[in-house]
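The structure appears below as structure tokens.
Numbering (the working numbering), first residue to last: 675 to 877.
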């Protein structure tokens, strides 16, 4: 028996399989895998196997960037017992570790300052601890702002300038050494803390 042809104007039904599904965490993880300073919505969509338009139903690039930063800063953290210097140093170390763990974080935050609101929980906790250490609210906010901007703005340069002092030339590309980076960070923090000991500006 011959197989009947489809009627004119109709096409045979083709099975396309289940529609791809994804959730917000999938989108965030894909963006982090690409890099906070590099991902585009089309690249994220391609990695998930979905249309770019599907992503825009839940995120714009800016809101996805903020969601990524909120995701990586979501874990609660305990501040050490100690004076205000130890509190600010621990905070600086935390930011520095985030920059090392998530390449492009510093550049992304510098390019999208509103994304810093993702750190509000940690900043609020640190603010309370500095208040207890004798800082007024305005003084504490100023100190946190200085350290935050200091770490993020120096992050992309890391230890290149110390290497310049030793070799008279800036390396085009060099892998970061975490121990050296923290040692240099300590030197810079000591300089900032010395200034704050004699003068505590306030917002």
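All residues carry an ideal CB built from backbone N, CA and C; glycine is no exception.
Our contact map puts residue i next to residue j with C-beta atoms below 8 Å; I'd like the distance itself, whole angstroms only.
i: residue 866; j: residue 825; result: Contact doesn't hold; Cβ gap of about 10 Å is too wide.
i: residue 807; j: residue 864; result: Actually they are not in contact, since the Cβ atoms of residue 807 and residue 864 sit about 18 Å apart, beyond 8 Å.
i: residue 696; j: residue 705; result: In fact, because the Cβ distance is near 12 Å, the residues do not count as touching under 8 Å.
i: residue 708; j: residue 701; result: Not quite, the Cβ-Cβ distance comes to about 11 Å (not below 8 Å), so this is no contact.
i: residue 715; j: residue 698; result: Residue 715 to residue 698, Cβ: 14 Å. No contact.
i: residue 809; j: residue 874; result: 7 Å
i: residue 793; j: residue 726; result: So it is not a contact: roughly 29 Å between Cβ atoms.
i: residue 803; j: residue 761; result: 5 Å
Just verifying my parser: in three-state terms, what is the DSSP assignment at residue i?
i: residue 796; result: helix
i: residue 804; result: helix
i: residue 709; result: coil
i: residue 873; result: coil
i: residue 809; result: coil
i: residue 696; result: coil
Using only alpha-carbon positions, find the residue among the options that is nearest to residue i.
i: residue 816; options: 876, 763, 871, 701; result: 876
i: residue 785; options: 698, 696, 823, 697; result: 823
i: residue 764; options: 754, 714, 701; result: 754
i: residue 711; options: 734, 699, 739; result: 739
i: residue 855; options: 804, 749, 774, 805; result: 774
i: residue 791; options: 767, 745, 733, 698; result: 745
i: residue 797; options: 769, 782, 872; result: 769
i: residue 778; options: 759, 743, 802, 762; result: 743
i: residue 788; options: 870, 741, 732; result: 741
i: residue 800; options: 818, 729, 783; result: 818
i: residue 827; options: 723, 859, 762; result: 859
Completely contained alpha helix (DSSP H) runs for the stretch 714-773, where each covers 4 or more residues: 715-722, 726-729, 735-746
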